[in-house]
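Numbers in my numbering are just positions in the sequence shown, counted from 1, shifted up by 18. See below for the structure under consideration.
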Amino acid sequence: MVAAVGELIGMSRFVELGERDVRLYNESVGAEPSESTVPEGLIVARTASLMMELIVVAGRKFGLNYGIDDVRLDEILIGSRIRLRLVLAECEMRDEHTVDAAWAIGVEVDGRGAVGGFTARTRYIF
Numbered sequence: 019m020v021a022a023v024g025e026l027i028g029m030s031r032f033v034e035l036g037e038r039d040v041r042l043y044n045e046s047v048g049a050e051p052s053e054s055t056v057p058e059g060l061i062v063a064r065t066a067s068l069m070m071e072l073i074v075v076a077g078r079k080f081g082l083n084y085g086i087d088d089v090r091l092d093e094i095l096i097g098s099r100i101r102l103r104l105v106l107a108e109c110e111m112r113d114e115h116t117v118d119a120a121w122a123i124g125v126e127v128d129g130r131g132a133v134g135g136f137t138a139r140t141r142y143i144f
């Protein structure tokens, strides 16, 4: 894994952030509904689930997220389709059983072109 630092790990499939997703999210957290934009918390949650589709660490059964930094969010309209771009930013072997990795995350909004809906760095231990 250490050899892949700086490399694009992958792009996820596109997923739609529809009205139903927003309604269910708002109900679950007690948030006021928005007329047109996806709640920031839903974007972060969907990003985490898309990451798990891309990250496979051989010999590891789970990963523990222990932080998210440098979060930048643009408005994403309800009904937009997004996909995740994932780059391995840092990687360190803590010991023979533990990998500490930082990931650079970018979210591309379909039709906008380049990454721009959401960017962040997150850390996982595997």
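Using N, Cα and C, we set each Cβ at its ideal position, and we do this for glycine too.
{"Query": "Residue of ARG141, ALA21 and ASP128 minimising C-alpha distance to SER30", "Result": "ASP128"}
{"Query": "Contacts around THR55, its chain only, beta-carbon distance under 8 Å, and the 5 residues preceding and following it disregarded", "Result": "GLU93, ILE94, LEU95 and ILE96"}
{"Query": "THR65, enclosing alpha helix (DSSP H) - first and last residue", "Result": "58 to 72"}
{"Query": "For ALA122, three-class secondary structure by DSSP", "Result": "strand"}
{"Query": "Nearest-angstrom Cα separation, counted from GLY124 out to LEU102", "Result": "6 Å"}
{"Query": "Contact belief for PHE136 with LEU91 at Cβ below 8 Å, rounded distance in angstroms", "Result": "5 Å"}
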